[in-house]
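Chains as they are written, first to last, in my numbering: chain A, 135 to 382; chain B, 14 to 340.
Idealized CB from N, CA, C, for every residue including glycine.
In this text, all values refer to a predicted model and were calculated from it rather than measured experimentally.
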């Protein structure tokens, strides 16, 4: 059961971030980004689907990937707080992506040695995608941080807004800790070095400062989310809720 | 960057009768016209207008479908819809690139769209009200677009023709995907079936209007036919579309909302009721329910993104300066 919960945490992270990114579709600052953002959303949703399917099989109660995604409520969702944060402006969206990908890339790399075959399979694909997300989002953080006065102000504002949610990435829930002990998942705290290195490098070029965080925010793994997640789920789950049992 | 060399280039060509005859002879010999070839100004203008409109349609078309990405009913449908809307953006990008080879920049075309000076397909001025609309747009709207665009793969202007080959492949995939969504609904619960029929009722006539006015009322048609930009008339293409689509609706058990629709053995095609051209012209002229919203949304995306594009330019300039200083 620990494995089921830990896989759901990962699946929820990917779905919620993918959903957030998909909200940009058709509204990006330039056409190239209207192509790049759905690309990243597709990577994340693709990963989420495999993980939900895995979770559903681990549970063995005949639920499907869509049952898990569409029919759980806020308190049952286990994603970290970072991924559910509203898109804000383009600076916030890109920084959130960089923070997440800079964690997931070393995580998936380490997960290539997982004792769980499905996790190994997901890792093989996701590690390449996350490297691309780091590159794409990182380049934007640099451009915006070292661009105009306005973009620099917005970028630093994004750091102030989002940095307090990054600590949660390195925390392991009891379920995740159990999986780490069994060699199913990498130890989340071990990603700190790689994450600091990537963020440090990007921030150096972007002329950004990592702020002190007096009050880091956590709670997602226990289902204590921000108020916006419920709205996201209400929108995402609308058809499944309005027409129970229908096939789409 | 090849295209940018041409932007603002003096394209005036002396259009002597000999020049025009030589140009027409190339067209008649099915030679492709390429960006650097001499061409009549009217030919260039027609293509800039048509390719620009086509590109704008792809971009504006992302909005009504994008309206359902966050509400797609399953993860599989969400991924497919995202990929589809992304494809439309990709079509827009290479269509703008094709138009740029004629000496007009993407920025100029975008500004014309926002100023209401450039048109886009009127079909996108209708709202998407249910999930069935997403399937129906794929089935009917992309289906009609394919009918229009397959002949464009043989268009006399090389870059447009080549872009259309890829666009058509993707559109044909979208069309099948849309039909599959509608089929799932038509075979689903009574509420889903009703949703599918309602969508067909709303999208049928606007889809027929996508082929443009009757041949007799179409102002650009004759010259475009002679230049082989256009290969079939509006009414011919519309008829092909109806003949292909009515059996698809019958297969789904849905009824086409046209009381006058009936098979005509003699012409080996369907006779259909008259299109409400007053509605067509009203929407073309800006009176559709979504005309104002669509342009407002596109403008908002552009305006809200201005600081991002400025920052990218400023950063690139700083980099170039630093590189120069280092050398």
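Buried/exposed call for residue i, threshold 16 Cβ in 10 Å
{"i": "residue 326 of chain B", "result": "exposed"}
{"i": "residue 335 of chain B", "result": "exposed"}
{"i": "residue 177 of chain A", "result": "buried"}
{"i": "residue 304 of chain B", "result": "buried"}
{"i": "residue 272 of chain B", "result": "exposed"}
{"i": "residue 172 of chain A", "result": "buried"}
{"i": "residue 207 of chain A", "result": "exposed"}
{"i": "residue 320 of chain B", "result": "buried"}
{"i": "residue 302 of chain B", "result": "exposed"}
{"i": "residue 330 of chain A", "result": "exposed"}
{"i": "residue 29 of chain B", "result": "exposed"}
{"i": "residue 135 of chain A", "result": "exposed"}
{"i": "residue 369 of chain A", "result": "exposed"}
{"i": "residue 23 of chain B", "result": "Bear in mind that the predicted position of residue 23 of chain B carries a pLDDT of just 48, short of 50, making it unreliable; the figure below should be weighed with that in mind. Looking at its Cβ environment, which holds fewer than 16 other Cβ atoms inside 10 Å, residue 23 of chain B is exposed."}
{"i": "residue 285 of chain A", "result": "buried"}
{"i": "residue 238 of chain B", "result": "exposed"}
{"i": "residue 363 of chain A", "result": "buried"}
{"i": "residue 334 of chain A", "result": "exposed"}
{"i": "residue 99 of chain B", "result": "buried"}
{"i": "residue 17 of chain B", "result": "In this predicted model, residue 17 of chain B has a pLDDT of only 40, less than 50, meaning its place in the structure is not dependable enough to derive any value."}
{"i": "residue 177 of chain B", "result": "buried"}
{"i": "residue 329 of chain B", "result": "exposed"}
{"i": "residue 274 of chain A", "result": "buried"}
{"i": "residue 138 of chain B", "result": "buried"}
{"i": "residue 254 of chain B", "result": "buried"}
Residue i: contacting residues in chain A (beta-carbon distance under 9 Å)
{"i": "residue 328 of chain B", "result": "276, 277, 278, 279, 280, 281, 282, 285"}
{"i": "residue 323 of chain B", "result": "281, 282, 284, 285"}
{"i": "residue 205 of chain B", "result": "377, 380, 381, 382"}
Beta-carbon proximity check, residue i vs residue j, cutoff 8 Å
{"i": "residue 111 of chain B", "j": "residue 56 of chain B", "result": "no"}
{"i": "residue 199 of chain B", "j": "residue 206 of chain B", "result": "yes"}
{"i": "residue 75 of chain B", "j": "residue 101 of chain B", "result": "yes"}
{"i": "residue 189 of chain A", "j": "residue 198 of chain A", "result": "no"}
{"i": "residue 272 of chain A", "j": "residue 232 of chain A", "result": "yes"}
{"i": "residue 227 of chain A", "j": "residue 323 of chain B", "result": "no"}
{"i": "residue 141 of chain B", "j": "residue 81 of chain B", "result": "yes"}
{"i": "residue 78 of chain B", "j": "residue 97 of chain B", "result": "yes"}
{"i": "residue 337 of chain A", "j": "residue 219 of chain A", "result": "no"}
{"i": "residue 342 of chain A", "j": "residue 290 of chain A", "result": "yes"}
{"i": "residue 382 of chain A", "j": "residue 203 of chain B", "result": "no"}
{"i": "residue 146 of chain B", "j": "residue 212 of chain B", "result": "yes"}
{"i": "residue 66 of chain B", "j": "residue 128 of chain B", "result": "no"}
{"i": "residue 250 of chain B", "j": "residue 161 of chain B", "result": "yes"}
Candidates the options, of which the one nearest residue i by Cα
{"i": "residue 311 of chain B", "options": "B:41, B:71, B:237, B:241", "result": "B:71"}
{"i": "residue 148 of chain B", "options": "B:41, B:265, B:234", "result": "B:265"}
{"i": "residue 143 of chain B", "options": "B:294, B:194, B:263", "result": "B:194"}
{"i": "residue 221 of chain A", "options": "A:295, A:170, A:320, A:355", "result": "A:295"}
{"i": "residue 353 of chain A", "options": "A:212, A:162, A:275", "result": "A:212"}
{"i": "residue 183 of chain B", "options": "B:153, B:170, B:103", "result": "B:103"}
{"i": "residue 170 of chain B", "options": "B:152, B:244, B:141, B:121", "result": "B:244"}
{"i": "residue 45 of chain B", "options": "B:125, B:122, B:241", "result": "B:241"}
{"i": "residue 215 of chain A", "options": "A:253, A:151, A:182", "result": "A:151"}
{"i": "residue 293 of chain B", "options": "B:306, B:260, B:223, B:228", "result": "B:223"}
{"i": "residue 159 of chain A", "options": "A:186, A:224, A:148, A:196", "result": "A:224"}
{"i": "residue 64 of chain B", "options": "B:82, B:108, B:83, B:92", "result": "B:108"}
{"i": "residue 180 of chain B", "options": "B:31, B:158, B:248", "result": "B:158"}
{"i": "residue 248 of chain A", "options": "A:337, A:274, A:318", "result": "A:318"}
{"i": "residue 257 of chain B", "options": "B:166, B:185, B:239, B:282", "result": "B:282"}
{"i": "residue 95 of chain B", "options": "A:174, A:339, A:332", "result": "A:174"}
{"i": "residue 384 of chain A", "options": "A:376, A:377, A:365, A:378", "result": "Since the first residue of chain A shown is 135 and the last is 382, residue 384 of chain A is not available in this structure."}
{"i": "residue 186 of chain A", "options": "A:359, A:146, A:239, A:269", "result": "A:146"}
{"i": "residue 331 of chain B", "options": "A:254, A:276, A:169, A:308", "result": "A:276"}
{"i": "residue 248 of chain B", "options": "B:260, B:229, B:262", "result": "B:229"}
{"i": "residue 215 of chain B", "options": "B:136, B:295, B:275, B:259", "result": "B:136"}
Chain-ordered chain A contacts of residue i [CB-CB under 7 Å]
{"i": "residue 152 of chain B", "result": "Those do not exist, as residue 152 of chain B stays about 16 Å from chain A at its closest Cβ, beyond 7 Å."}
Chain-ordered chain B contacts of residue i [CB-CB under 9 Å]
{"i": "residue 179 of chain A", "result": "88, 91, 92, 95"}
{"i": "residue 183 of chain A", "result": "88, 89, 92"}
{"i": "residue 201 of chain A", "result": "Chain B residues near residue 201 of chain A: none, gap ~10 Å exceeds 9 Å."}
{"i": "residue 370 of chain A", "result": "83, 84, 85, 91"}
Proximal residues of chain B, C-beta to C-beta of residue i below 8 Å
{"i": "residue 172 of chain A", "result": "95, 96, 98, 99, 102"}
{"i": "residue 156 of chain A", "result": "82, 83, 91, 95"}
Closer than 7 Å at the beta carbon, the chain B residues around residue i
{"i": "residue 148 of chain A", "result": "Those within 7 Å of residue 148 of chain A in chain B number zero; the least Cβ separation is about 11 Å."}
Where residue i meets chain A, residues with beta-carbon distance less than 8 Å
{"i": "residue 75 of chain B", "result": "159, 160, 168"}
query: If you scan the stretch 296–339 of chain B from start to end, which runs of the alpha helix (DSSP H) of 4 or more residues do you find wholly inside it?
result: 304–317, 319–339
field: Runs of alpha helix (DSSP H) lying entirely within the stretch 122–165 of chain B, each at least 4 residues, in chain order
entry: Listed in chain order, the complete alpha helix (DSSP H) runs (minimum 4 residues) inside the stretch 122–165 of chain B are 144–149, 155–162.
field: Whole alpha helix (DSSP H) elements within the stretch 202–259 of chain B, 4-residue minimum
entry: 203–222, 234–239
- request: Counting only runs of 4+ residues fully inside the stretch 252–326 of chain A, write out the alpha helix (DSSP H) ranges in chain order.
  value: 283–296, 308–315
- prompt: Counting only runs that start and end within the stretch 158–229 of chain A, where is the beta strand (DSSP E) found for 3 or more residues in a row?
  reply: Taking only runs of at least 3 residues, no beta strand (DSSP E) segment lies wholly in the stretch 158–229 of chain A.
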